[in-house]
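Undergrad: Can you keep this structure in mind? I'll have questions shortly.
Protein chains: 2
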Amino acid sequence: MSGIEDVARAAGVSKATASRALTGHGYVAAATRERVARVAHEMGYVPSSSAASLATGRTRNIGVVMPYLNRWFFAEVLEGIQEVLLESGYDLTLYDAKPGTEGRRRVFDDFLARKRFDGLIAVGLEPDDHELERLVAIGRPVVSVVAIGDNAGVVRLDDEYAARRATTHLIELGHTKITFLGGVSVSSGPHVDRARLSGYQRTMTEAGLTVTHVRSEVSLPGGYAAAVDLLGDPARRPTALLATCDEVAIGAIIAARRLGIPVPSALSVVGIDNHEFAEMFSLTTLEQSPRSQGMHATQMLLGQLEDPTQVPQDVSIQARLIVRNSTAPPPGTASVTVGVGVTS
Amino acid sequence: MSGIEDVARAAGVSKATASRALTGHGYVAAATRERVARVAHEMGYVPSSSAASLATGRTRNIGVVMPYLNRWFFAEVLEGIQEVLLESGYDLTLYDAKPGTEGRRRVFDDFLARKRFDGLIAVGLEPDDHELERLVAIGRPVVSVVAIGDNAGVVRLDDEYAARRATTHLIELGHTKITFLGGVSVSSGPHVDRARLSGYQRTMTEAGLTVTHVRSEVSLPGGYAAAVDLLGDPARRPTALLATCDEVAIGAIIAARRLGIPVPSALSVVGIDNHEFAEMFSLTTLEQSPRSQGMHATQMLLGQLEDPTQVPQDVSIQARLIVRNSTAPPPGTASVTVGVGVTS
DNA sequence: CGTTCGAATGGAACCGTTTCCCTTTTTCGC
DNA sequence: GCGAAAAAGGGAAACGGTTCCATTCGAACG
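Taken in sequence, the protein lines are chains L and H. For what it's worth, our numbering labels the leading residue of the first sequence as 392, then goes sequentially. For what it's worth, our numbering labels the leading residue of the second sequence as 392, then goes sequentially.
Pasting the structure below:
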């Protein structure tokens with residue numbers, strides 16, 4: 392393995408000059424720079440990142456902490472982050488912090504303390520006080536996607552707005568019996584669900600309609616189970632369902648099909664996410680594009696790294712309504728033609 | 392930030408002794424070791440990983456390269472890897488290498504060359520010659536989950552066996568018109584699909600049955616589309632479907648439902664994976680447990696790191712048949728009772 | 001034409017560990 | 001009780017970069 396000293400010797404300059412030539416910092420004659428670069432390339436020289444980190448204090452690595460890897464939302468965010476980092480030449484170190492596990496404790500107490508990164512992206516963490524304390528103790532910029540208690544930069548969907556918009560859509564179609572399906576539970580974390588539920592409740596109340604909330608585990612099978620339960624009882628059955636997320640909504644659609652309830656003619660279903668399966672199930676939904684949330688957060692963090700005076704901003708994204716074929720006027724309504732398409 | 396020198400001073404020993412006490416290498420009196428550890432803990436000392444890496448040449452970090460993050464199989468493998476690494480105190484650096492992208496080229500040519508890891512896990516990569524060359528040029532141990540051309544350690548499902556077992560299951564139920572649904576296409580990479588197809592073909596041929604293969608994109612919507620096409624034509628319709636993976640199988644089940652073809656009474660469907668949705672759709676399938684494949688690969692790699700003489704082994708996992716309610720004897724057969732349960 | 005300033009470069013210190021090598025102390029077998 | 005070997009610990013040299021500081025040289029400016 393050849394070091395910078397070998398490159399310097401081969402190029403006939405000092406280590407100092409070679410370093411300047413390769414990093415682009417400080418004065419170096421154009422001809423020299425070019426020669427050093429060529430020699431380095433020919434020798435297949437690759438700088439040691441540990442040595443560079445030790446000398447500069449920067450790692451060119453970003454840490455990402457998330458509670459789940461195998462859920463659609465998180466995987467999409469991760470891909471977005473990865474895409475931007477790849478382009479910027481940063482590495483990405485992943486920390487898995489499942490709520491309530493011993494592993495999570497170690498991530499916060501040991502792994503993160505090692506500071507093997509210049510900045511941190513927290514995705515859908517809902518850190519408790521101790522965890523939050525550890526996070527600030529690290530002394531590196533933090534940006535989060537979805538909630539985090541403190542004043543770090545945050546990129547998130549405006550969940551309340553999304554739920555309001557979805558509810559409004561159903562009301563405009565003529566529905567009055569609209570049930571919210573979802574949980575005060577995990578998934579992207581309780582805060583998300585609370586905000587969505589609250590958006591639904593407010594909109595219903597403002598319209599003078601009755602609020603009905605059915606709990607469901609936040610997952611496809613969870614939505615299925617909850618919907619089977621709810622729809623199986625004709626007395627309780629609403630004409631429309633607002634699900635806390637697409638997975639729950641799709642579970643509900645599958646349940647309705649199995650129960651022989653046609654969607655959307657007898658039952659409208661709307662979700663929030665625009666999950667990759669949404670199109671397949673013709674699901675009307677509010678798009679939240681986690682991928683671009685990840686990209687956004689990353690750009691924000693990188694910006695903060697290169698100019699530390701830059702204040703962390705909060706970005707709130709307004710979901711776009713995508714109308715597909717899972718929503719229609721309630722049964723027994725004078726037919727209203729609803730186009731399939733996208734509106735904001 | 393306090394360094395080891397501060398700790399040494401506070402504990403009244405030399406840097407050398409402090410280092411030995413903390414790392415556990417070399418002779419240190421028990422009392423001294425304990426004192427140094429206590430002082431270090433009180434001061435909140437955290438060793439600089441760059442400095443340690445520079446000195447030792449080891450990073451305590453593992454690189455993971457995969458082409459997709461948001462597909463079930465890959466996400467599960469990743470979680471398995473993460474779990475083992477977390478326990479062993481290793482960091483995990485993730486590299487996203489989508490086939491045919493500029494990003495992938497950079498991963499191989501730039502990112503991996505930086506060697507910020509002690510070993511590498513390649514998941515479902517099917518590297519071309521140039522990429523393979525780069526991989527060995529790194530000079531670090533590599534373990535792969537699913538195919539990789541060369542002689543690195545490999546952990547993978549025995550795909551051929553899985554397909555044979557699935558086919559046998561259908562034949563035993565009395566089916567003779569069995570169509571393979573799947574693609575020579577991406578997903579976990581072409582090799583996987585070829586092996587599964589081949590297992591199906593051989594078993595059919597051995598049983599004297601006719602092979603029929605319908606291509607499908609390897610995804611849920613892909614399976615749906617292909618099945619709609621196939622099942623829509625009564626002349627071509629088989630009594631059983633073997634899908635290359637569960638996502639395709641589930642797509643097919645959804646298609647069958649929509650076409651009013653009852654599963655399993657009129658059509659049996661079997662998949663391979665035991666995907667998280669399999670249970671919900673009562674899908675009979677062969678379990679491949681990507682999570683434990685990831686764990687397995689990681690343990691293999693770590694073992695190799697601590698004892699470099701250890702030869703990389705190839706591990707081939709035999710899938711377990713899980714019988715649910717998507718398979719039954721073909722229509723018009725004297726009824727055979729099939730228990731729901733697990734067999735090997 | 002002397003002074004000043006910027007460009008270009010080299011020497012050496014430094015980043016924070018680990019580890020080699022050497023000295024001193026202890027232990028243990030005979 | 002002695003010698004050898006093992007245990008304990010210290011000083012200093014790595015590891016491979018970056019960057020401060022000093023030096024030289026040439027050009028621009030008054």
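Glycine residues also receive a C-beta, built at the ideal position from the N, C-alpha and C atoms.
(1) Exposed or buried, what is M686 of chain H when buried is set at 16 or more other beta-carbons lying within 10 Å of its beta-carbon?
(2) Examine the Cβ distances between the stretch 417-431 of chain L and the stretch 485-492 of chain L and report whether three or more of them are shorter than 8 Å.
(3) Using three-state DSSP, classify G454 of chain L as helix, strand or coil.
(4) Output yes or no for whether 9 Å exceeds the beta carbon distance between V455 of chain L and L469 of chain L.
(5) Return the chain-ordered ranges of every beta strand (DSSP E) run that is complete within the stretch 523-604 of chain L and spans a minimum of 3 residues.
(6) For the beta strand (DSSP E) that I652 of chain L lies in, which residues bound it at each end?
(7) Starting from R627 of chain H, follow its DSSP beta bridges and name the residues at the other end.
(8) Using only the alpha-carbon positions, how far apart do E425 of chain H and A412 of chain H sit?
(9) When the cut-off is 9 Å and only beta carbons count, does S579 of chain L lie next to chain H?
(10) N461 of chain L CB to nearest chain H CB: under 9 Å?
(11) Would you mind telling me which residues of chain L sit closer than 8 Å to R497 of chain H, beta carbon to beta carbon, in chain order?
(12) What does a CB cutoff of less than 8 Å around M691 of chain H pick up in its chain, not counting 5 residues either side in sequence?
(13) Any beta carbon from chain H within less than 9 Å of R505 of chain L's own beta carbon?
(14) Counting contacts by CB-CB distance shorter than 9 Å, is R648 of chain H in contact with chain L?
(15) Would G642 of chain H count as contacting chain L if we go by Cβ distances under 9 Å?
(16) With burial defined as no fewer than 16 other Cβ atoms inside 10 Å of the residue's Cβ, what is the status of S578 of chain H: buried or exposed?
(17) Among the residues of its own chain, which have a CB less than 8 Å from the CB of W521 of chain H, if the five just before and after it don't count?
(18) Could you say which of H:V619, H:F672 and H:G662 lies nearest to E678 of chain H if we only look at CA atoms?
(19) Select from L:T596, L:K406 and L:R462 the residue whose C-alpha is nearest the C-alpha of T423 of chain L.
(20) Counting along the chain, where does the alpha helix (DSSP H) carrying A618 of chain L start and finish?
(21) Mind checking who R507 of chain L pairs with in its DSSP beta bridge?
(22) Enumerate in chain order the residues of its own chain whose CB-to-CB distance from I708 of chain H is below 6 Å, with the five nearest sequence positions on each side excluded.
(23) Closer than 7 Å by C-beta to G613 of chain H: which residues in its own chain qualify, once you throw out the five before and the five after it? Chain order, please.
(24) Taking DSSP's pairing of strands, which residues face T484 of chain L in a bridge?
(25) Assign E637 of chain H to one of three DSSP states: helix, strand, or coil.
(26) What are the residues of the stretch 480-495 of chain H that lie near chain L, defined by any Cβ-Cβ distance shorter than 7 Å?
(27) Helix, strand or coil: which one does DSSP assign to E517 of chain L?
(28) Against Y615 of chain H, what residues of chain L qualify as contacts under a CB-to-CB distance less than 7 Å, listed in chain order?
(29) Beta-carbon within less than 6 Å of A553 of chain L's beta-carbon, same chain only, minus the 5 sequence neighbours each way: which residues are those?
(30) From L561 of chain L to M392 of chain H, what does the alpha carbon distance come to, in whole angstroms?
(31) Between T718 of chain L and the rest of its own chain, which residues show a CB-CB distance below 8 Å, the 5 nearest in sequence each way excluded?
(32) Mind pulling the chain H residues with CB within less than 8 Å of A657 of chain L?
(33) DSSP three-state label for R497 of chain L, please.
(34) Are the C-beta atoms of P458 of chain L and some chain H residue less than 9 Å apart?
(35) How many Å lie between G394 of chain L and S441 of chain H at the Cα?
(36) Who are the near neighbours of A586 of chain L in its chain, counting only those whose CB is closer than 8 Å to its CB and skipping five residues on each side?
TA: The short version:
(1) So M686 of chain H ends up on the buried side.
(2) No, they do not touch.
(3) In the structure shown, G454 of chain L falls within a strand segment according to DSSP collapsed to helix, strand and coil.
(4) Taking 9 Å as the Cβ cut-off, V455 of chain L and L469 of chain L qualify as a contacting pair.
(5) The stretch 523-604 of chain L contains, as complete beta strand (DSSP E) runs of 3+ residues, the segments 533-536, 544-548 and 569-572 (chain order).
(6) Counted as a single uninterrupted DSSP element, the stretch harbouring I652 of chain L is not any beta strand (DSSP E), since DSSP gives it neither H nor E.
(7) For R627 of chain H, which the question treats as bridged, DSSP gives no partner whatsoever.
(8) The C-alpha of E425 of chain H lies about 8 Å from the C-alpha of A412 of chain H.
(9) With a pLDDT of 48 at S579 of chain L, under the threshold of 50, the modelled position of this residue cannot be trusted; read the value that follows with caution. Residue contact check for S579 of chain L against chain H: no CB pair falls below 9 Å.
(10) Under the Cβ distance rule, N461 of chain L counts among the residues neighbouring chain H, one pair being separated by less than 9 Å.
(11) Using a Cβ-Cβ cut-off of 8 Å, R497 of chain H is close to L477 of chain L, given in chain order.
(12) Counting only Cβ-Cβ distances below 8 Å, and skipping sequence neighbours, we find V534, G544, V546, P703, Q704 and V706.
(13) Yes, R505 of chain L lies at the interface with chain H (some Cβ there is under 9 Å from its Cβ).
(14) At a cut-off of 9 Å between beta carbons, R648 of chain H contacts chain L.
(15) So, interface residue.
(16) With a pLDDT of 45 at S578 of chain H, under the threshold of 50, the modelled position of that residue is not reliable, and the figure given next carries that caveat. Buried: at least 16 other Cβ atoms inside 10 Å.
(17) Trp is not the amino acid found at residue 521 of chain H; the sequence shown has His there. For H521 of chain H, the CB contacts under 8 Å within the same chain, skipping 5 residues up- and downstream, are F499 in chain order.
(18) Residue H:G662 holds the alpha-carbon nearest to the alpha-carbon of E678 of chain H among H:V619, H:F672 and H:G662.
(19) Out of L:T596, L:K406 and L:R462, L:K406 has the C-alpha closest to the C-alpha of T423 of chain L.
(20) Taken as a continuous stretch (DSSP letters only), the alpha helix (DSSP H) holding A618 of chain L covers L611 to L622.
(21) For R507 of chain L, which the question treats as bridged, DSSP gives no partner whatsoever.
(22) Around I708 of chain H: L548.
(23) Answer for G613 of chain H: S607, V639 and G642, listed in chain order.
(24) T484 of chain L pairs with L:G454 and H:T484.
(25) Contrary to the premise, residue 637 of chain H reads as Asp rather than Glu in this sequence. Three-state result, D637 of chain H: helix.
(26) So the list reads D482, L483, T484, L485, D487 and G494, given in the order they occur along the chain.
(27) Of the three classes helix, strand and coil, the one that applies to E517 of chain L here is coil, per DSSP.
(28) Within chain L, M671 have C-beta atoms less than 7 Å from the C-beta of Y615 of chain H, given in sequence order.
(29) The beta carbon of A553 of chain L lies closer than 6 Å to those of I663, L677 and A710 in the same chain, with the five residues before and after it left out.
(30) So the alpha carbons of these two residues sit roughly 57 Å apart.
(31) Result list for T718 of chain L: H560, L561, L564, A631, P655, S659, V660, V661, T675 and V729, in chain order.
(32) Within 8 Å Cβ-Cβ: nothing; A657 of chain L doesn't reach chain H, min ~16 Å.
(33) If DSSP states are grouped into helix, strand and coil, R497 of chain L belongs with the helices.
(34) No, P458 of chain L lies away from the interface with chain H (no Cβ there is under 9 Å from its Cβ).
(35) Rounded to the nearest angstrom, the two C-alpha atoms are 17 Å apart.
(36) Cβ-Cβ distances below 8 Å link A586 of chain L to D550, E551 and A554 in the same chain, with the five nearest sequence neighbours on each side left out; the list follows chain order.
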